[in-house]
Every structure is written in structure tokens, then in C-alpha cells.
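Protein chains in written order, with the working numbering: chain A, 269 to 493; chain B, 269 to 493. Everything on this sheet refers to the single structure shown next.
2 protein chains.
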Amino acid sequence: MQYKTPYTPPTVTVDAVMFQLIDNALNVALIQRSTEPFKGEWALPGGYAPQGETTLQALERIVLHKAGVSILNDLSYIEQLYTFDSVARDPRGHAVAVTYMGCGQNIHPDQAKAVVTFFPVNNLPPMAYDHAEIVKYAHNRLIAKLTYTNAVYAFLPQYFTLAELQTAYEAVFGYELDKRNFRKKFLSLGLTEETDQMRREGAHRPARLHRFKSPDLEVLSRSFD
Amino acid sequence: MQYKTPYTPPTVTVDAVMFQLIDNALNVALIQRSTEPFKGEWALPGGYAPQGETTLQALERIVLHKAGVSILNDLSYIEQLYTFDSVARDPRGHAVAVTYMGCGQNIHPDQAKAVVTFFPVNNLPPMAYDHAEIVKYAHNRLIAKLTYTNAVYAFLPQYFTLAELQTAYEAVFGYELDKRNFRKKFLSLGLTEETDQMRREGAHRPARLHRFKSPDLEVLSRSFD
DNA sequence: AGGATATGGTGTATACTAAACACTATGCAG
DNA sequence: CTGCATAGTGTTTAGTATACACCATATCCT
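Here it is in C-alpha cells:
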């Protein structure tokens with residue numbers, strides 16, 4: 269298609285919403301901006317996506333550089349979230365932000381560059397741009413994902429107890445579940461299997477460790493909760 | 269963030285997947301490309317999104333120009349679908365495509381520019397780029413939307429029969445529903461109300477017309493089918 | 001006028017899923 | 001050996017989903 273004026277694309281940026289459980293609470297990774305605009309404020313890690321790289325490739329490079337986290341290696345699950353493009357969202361001018369959401373169970377920032385800080389989703393600091401809105405959107409998507417897929421696996425280590433599993437759901441959903449009903453329903457999905465290992469810790473009965481049969485994302489036939 | 273080389277954004281394009289029911293079948297609006305690449309092939313209406321316009325504004329302008337359809341006026345529902353950005357998807361070079369999906373019940377292309385053609389989703393022609401994949405993705409999203417929201421309204425006129433309503437669900441889902449169970453379940457959602465109007469057509473008992481109480485998209489508490 | 005036709009409209013029985021709810025089991029610490 | 005802290009387990013009841021068949025009624029035709 270021809271334009272009278274030469275075609276100028278908008279700025280394209282990428283941002284990552286990275287979730288992790290810390291102390292049984294759902295947390296998000298933020299960085300403190302070192303430059304204007306919003307210098308000193310908290311923001312999602314992200315940056316400019318140039319020609320020739322996919323947005324996911326750009327995000328991997330940028331988040332590794334700015335936050336010391338490899339979204340490909342440190343996250344167990346990642347998906348595109350939404351593309352935010354209101355003209356006013358960036359004070360420097362029109363920017364189209366392609367956002368991604370992911371979850372990990374043990375995000376280890378490279379200590380040399382570890383400027384990333386985790387905040388509980390229900391106790392977030394004021395954030396730059398429209399990033400508070402993006403985090404909220406991501407949280408809603410995450411709740412949906414946990415109800416119709418096996419995505420919880422992304423928060424858990426390979427071997428885990430049923431109590432840990434339930435806690436992961438509760439942290440994401442934001443409310444408590446009944447232990448007996450939870451186990452009955454979850455186990456009936458057949459996603460996991462018992463192992464012969466137990467976890468012994470503290471002055472109480474040890475817990476059996478379970479693991480997922482498949483490491484891949486599956487859509488459930490009967491959705492969960 | 270600083271780059272050694274000046275920042276060059278990728279090309280940003282927009283595409284629309286517009287659904288409509290025709291003869292009780294789900295159809296998609298396509299146009300025949302008039303220029304290379306893929307000249308003569310069928311494609312989703314779309315084009316370049318420039319700096320300074322939101323992607324939705326750009327889409328409205330482009331689809332009106334190329335297909336004679338106003339997505340804002342002719343569609344009852346529109347939402348962002350996904351952003352496709354594999355580097356290889358456009359033979360001219362890296363393009364990021366922000367796609368939208370919408371539904372209408374009476375899409376009237378401006379006849380002077382009416383180069384848009386509707387194809388049934390289960391009998392699509394070969395399509396340019398990755399557009400076949402995009403349509404499939406949109407169809408899956410649409411099925412999901414109809415199960416957990418009241419989005420069917422977008423396919424129906426203001427006054428409709430329960431048979432038409434059921435047909436809309438069947439056309440999107442791709443399978444038939446039981447009439448009695450359908451009515452029981454749907455009516456229990458309380459989204460619609462009876463009117464005192466009837467539709468008389470053909471040699472049989474007339475059907476009562478219903479209408480939606482609210483014209484807005486709502487997420488259902490108990491999802492449908 | 002009355003019968004054929006074509007679609008509109010309705011109910012019940014059964015199976016399954018969801019929700020509420022409390023006690024025993026077991027390893028460790030003291 | 002007792003206390004403690006978490007692990008682990010079943011039943012009852014209510015609600016939702018599924019399967020399934022017949023009567024109602026306006027029109028058309030003869």
C-alpha cells in the first residue's frame with residue numbers, strides 16, 4: 269500500500285511480567301528506572317524492540333541486560349500477554365508495547381546485574397507508565413490460565429508436596445481452598461504422579477513428593493476451580 | 269536505553285478477522301490482494317500502522333479504505349487478538365502484526381469499495397502470509413469467548429428467536445446442541461428477556477422474539493457449554 | 001373446512017460434579 | 001512418652017449436566 273508521506277512505524281517496546289512465589293505469596297519482578305522518564309520509579313523490565321529481532325528475542329536480551337534474568341532459562345512458562353498501544357501511555361511519544369507474562373520457581377538474577385526486586389502483587393509500589401494496569405491484566409490472565417491449564421507446574425520445583433501445590437493455587441487465586449476437595453479434584457485430573465520420595469522437615473509427619481507427568485502446558489478437559 | 273546503532277523499529281501492521289453468520293455458518297471477511305507480495309491471493313484486510321495512530325485507529329482507517337467496512341460501526345464487538353511477529357512471516361522483511369477479531373450481524377460494505385468477500389470458516393481458500401493460522405487462532409478465541417461471556421449478542425440482531433440464538437452457538441462451536449438443554453441453561457443465565465413480539469414466517473407456529481438486557485460484554489459467572 | 005407440514009416450545013429421570021465438613025496418622029523435639 | 005505440627009483421608013448433600021419425545025400452532029393446500 270502506498271502512503272503520501274513515507275511510512276514511519278511507531279516505537280515498539282517489550283515488557284515482561286515475571287511471577288514467582290515467595291513466602292507463599294505471588295510476587296512480580298520490578299526494576300527501578302535509572303533514566304528519565306520516571307527515573308527512580310519502579311517499572312516492569314523492558315525496552316526497545318528493534319527491526320530484525322522477534323519481540324521475544326528482544327525481551328530476552330533486554331531483561332538479561334537490565335535485570336540479570338533470562339526469561340528463556342529462568343522461567344518455566346512464558347506467553348504473550350497483550351499489546352498496549354494507547355498514544356498517551358509513554359510521555360516521550362507513541363509507543364506500542366508488546367508484553368509477555370511468565371512464571372518461574374527459582375528466578376536467580378545474575379548477581380552482578382541483580383537490580384531486580386520482587387514485590388507481592390497485593391502490595392505493589394507506585395509504578396511508571398501504565399505498568400500497574402499491565403500487572404493487573406497479567407494477574408487476571410494468570411488466574412485464568414491456572415483454571416483451564418496445568419500451568420501451576422511453572423511455580424513448582426520438579427518434586428513438590430500437595431500442600432505446596434495447593435498453596436500455589438491459593439497464592440494466585442487470592443483465596444483459600446478446602447484441602448480435601450482440592451486434593452480429590454486435582455488428583456482426578458491425573459496430571460501428576462506420586463514418587464517414592466518424602467520430604468521430612470520439622471516436627472511432624474513427612475509429606476509425600478509428587479511430580480508432573482508432562483513438562484508441557486496442557487489444556488484441561490475439565491477446568492479447575 | 270542506549271544503542272550503539274540508532275534504533276530502527278520493525279514494520280508494524282494491523283489485520284482484522286471479521287466474523288459474521290451467513291446461512292447459519294460462521295464466515296470470515298477476506299480481500300483479494302491487488303499488489304505483490306501474494307498478488308491475487310486472499311488475505312485478511314489490513315495494512316501498515318504508522319506512528320501517532322493507535323493500532324485500532326489505523327485498522328479502522330485501513331479496513332474502511334480497503335474493504336469498505338467500518339470496524340467501529342459495522343461490528344458489534346471487537347477485541348485485540350494477538351501480535352504475530354515471527355521474522356519470516358512477511359517476505360518483505362520483519363513485520364509485527366497486531367491483529368484484531370470482531371463480529372457483526374449485518375456487515376454492509378460500502379458498495380463502491382466492496383471488495384470484501386465472506387468465506388465459511390470450514391471452507392477457506394488458500395491465504396497469503398500466515399493468515400490461515402491467524403483465522404484459526406481467532407476462531408479458537410471466539411469459541412472461548414462464547415463460552416465464558418455473553419459475546420453471542422454480536423452475531424444477532426436486537427430481536428431474535430431462541431432458535432437463531434442456538435444456531436449462532438452451533439455455527440461457532442461447530443457442533444449441534446440439544447434444544448431443551450440449551451434453552452434451559454441459556455435462560456438460566458438471565459441475560460435476555462422475552463419481548464411481546466413474535467416472528468411469523470413460513471407455515472408453522474411463530475417464534476417469540478427475545479432481546480439482551482444489556483448491550484455490553486459481560487463475563488458469565490457460570491460459563492456456557 | 002380440514003388435514004398436512006414445518007417449526008416452536010416444554011419436563012423428567014439419571015449421572016456426575018461441587019461443596020461442606022472433622023478426625024486420625026506420623027515423625028520429631030523435648 | 002508426650003506434645004506438637006503438618007500429612008492424609010470419606011461421606012453426605014446440593015447443584016449441574018445429560019439424555020431423551022411429544023404436543024402446540026400458524027400457514028398452505030386441496
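Beta carbons: idealized from backbone N, C-alpha and C, even for Gly.
Asked, Found
"Which residues DSSP lists as bridging L289/B, in chain order", "L294/B"
"8 Å Cβ cut-off: residues of chain A touching S354/B", "T322"
"Backbone CA spacing between V403/B and P277/A [nearest angstrom]", "25 Å"
"Beta-carbon separation (whole angstroms), A365/B vs F352/B, contact threshold 8 Å", "5 Å"
"Reference L485/A, options E432/A, F423/A, P474/A, F428/A, closest by Cα", "F423/A"
"Where D464/A falls, given that 16 or more other Cβ within 10 Å makes a residue buried", "exposed"
"Beta-carbon neighbours of Q348/B, restricted to chain A and to distances below 7 Å", "Y350, T351"
"Same chain, Cβ closer than 8 Å to P474/A, five either side skipped, listed in chain order", "M466, R467, R468"
"Integer Cβ distance of I299/B from P313/B, believed to fall under 8 Å", "5 Å"
"Per DSSP, the bridge partner or partners of H478/B", "F428/B, E462/B"
"Classification of H376/A by the beta-carbon crowding that lies within 10 angstroms, buried from 16 upward", "exposed"
"Buried versus exposed call for N295/A [16 or more other C-beta atoms within 10 Å across all chains shown]", "buried"
"Minimum length 4: unbroken alpha helix (DSSP H) runs contained in the stretch 388-459 of chain B", "399-416, 430-441, 447-456"
"Of the residues N390/B, L459/B, P274/B, N374/B, the one placed nearest R490/B, counting alpha carbons only", "L459/B"
"Within 9 Å, strictly: CB atoms of Q426/B and R479/B", "yes"
"Beta-carbon proximity of I330/A to Y345/A, cut-off 9 Å", "no"
"Neighbourhood of L445/B by C-beta, 8 Å cutoff - its chain only, sequence neighbours within 5 removed", "Q434, Y437, E438, D493"
"DSSP state of L349/B mapped onto helix, strand, coil", "strand"
"Beta-carbon proximity of V384/B to A297/B, cut-off 9 Å", "yes"
"Residues in the stretch 410-421 of chain A having any Cβ partner in chain B nearer than 8 Å", "none"
"Whether D358/A touches L327/A by CB criterion (9 Å)", "no"
"CB of M369/B within 9 Å of CB of L349/B, strictly", "yes"
"Supposed close pair G372/B, D398/B - CB separation, criterion 8 Å", "That belief does not hold up - the Cβ atoms of G372/B and D398/B are roughly 24 Å apart, past 8 Å."
"Alpha-carbon spacing of E309/B relative to R301/B, whole angstroms", "6 Å"
"Chain A within 9 Å of Q288/B, Cβ atoms only", "no"
"A284/B (DSSP reduced to helix, strand or coil)", "strand"
"Cα-Cα separation between L488/B and E304/A, rounded to whole angstroms", "42 Å"
"The beta strand (DSSP E) enclosing A326/A, as first and last residue numbers", "No beta strand (DSSP E) holds A326/A; the alpha helix (DSSP H) holding it covers 323-335."
"Chain B contact for T279/A (CB, 9 Å cutoff)", "yes"
"Where R301/B sits in the DSSP three-state scheme", "coil"
"Cβ shell of F450/A (< 7 Å), same chain only, five flanking positions each side left out", "Q434"
"Length of the line joining the Cα atoms of S354/A and P394/B", "34 Å"
"Test: Y260/B CB closer than 9 Å to a CB of chain A", "What the structure shows of chain B is the stretch from 269 to 493, and residue 260/B is not part of that stretch, so it cannot be assessed."
"Within-9 Å CB hit, A317/A to chain B", "yes"
"Interface residues of the stretch 358-370 of chain A facing chain B [CB-CB below 7 Å]", "H362, V364, V366"
"Buried or exposed (CB count within 10 angstroms, at least 16 for buried), K413/A", "buried"
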